[in-house]
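Novice: Counting from 7, one number per residue, gives the positions in the sequence shown under the numbering used here.
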Amino acid sequence: MSQNLDIVKANNYELSAFNATKHGILSRYMVLPWESTEEYSALLDSLHADLKPQTLIASHLIEEMAGVIWRKKRLKKAEQTIYIEQDKDSFSSHDVKQNLAKEYTLLPLMRYEIHLDRKFERILSVYYKLKELEALPNQQI
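Now the structure itself:
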């Protein structure tokens, strides 16, 4: 009986691992099961080609940038889905309840977008400071 209970718990855990992925912005997983790992890899490769990291730290910062860009793309898709789903309803464009519902749903997404923008700016700032340090002669570091 205990073994069966352990199996059920393990299966439930695997299923519940994606419970927080309503929109996926806060997911601990970079690429969700329904997303393309090839597209994410192409994004990461493109950033590596553009920024040409020379150190492990620079490479890590580029991976962080790719994560932010990827999540922002996911955010835009979630936003589009909200508009599409709510516009399917037969409310008039002046319906206060519909507009409030849309605003209520979009407000967290707007906050996530601001958070991601700030995170990207910080990562980029650290990346370029690192590049400046790499350019200095070893005696000045």
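C-beta: ideal position from N, C-alpha, C; glycine also.
On the DSSP letters alone, give me the boundaries of the alpha helix (DSSP H) that residue 38 sits inside.
Specialist: Looking at the DSSP string, residue 38 is not in any alpha helix (DSSP H), and its letter there is neither H nor E.
Novice: On the CB-based measure, 16 or more other CB atoms within 10 Å of its CB, does residue 67 come out buried or exposed?
Specialist: Buried, by the Cβ-count rule.
Novice: Taking Cβ positions, are residue 119 and residue 81 nearer each other than 8 Å?
Specialist: In contact: residue 119 and residue 81 (Cβ atoms closer than 8 Å).
Novice: Could you tell me the alpha carbon to alpha carbon distance between residue 140 and residue 91, rounded to whole angstroms?
Specialist: Between residue 140 and residue 91, the C-alpha separation is close to 49 Å.
Novice: Kindly list the residues whose CB is nearer than 7 Å to the CB of residue 76, restricted to its own chain and excluding five residues on each side of it in sequence; keep chain order.
Specialist: Once the five neighbours on either side are set aside, the close Cβ partners of residue 76 are 36, 46 and 49.
Novice: Whole angstroms is fine: what's the gap from residue 138's alpha carbon to residue 144's?
Specialist: Rounded to the nearest angstrom, the two C-alpha atoms are 12 Å apart.
Novice: DSSP three-state label for residue 61, please.
Specialist: Reduced to three states, the DSSP call for residue 61 is coil.
Novice: For residue 111, which of helix, strand or coil comes out of DSSP?
Specialist: Here residue 111 sits in helix by DSSP.
Novice: Look up residue 122 in the DSSP assignment and say whether it is helix, strand or coil.
Specialist: Correct three-state label for residue 122: helix.
Novice: Could you tell me the distance, in whole angstroms, from the CA atom of residue 86 to the CA atom of residue 142?
Specialist: One C-alpha to the other measures close to 46 Å.
Novice: Give me the Cα-Cα distance between residue 130 and residue 117, rounded to the nearest whole angstrom.
Specialist: In a straight line, the C-alpha of residue 130 is about 20 Å away from that of residue 117.
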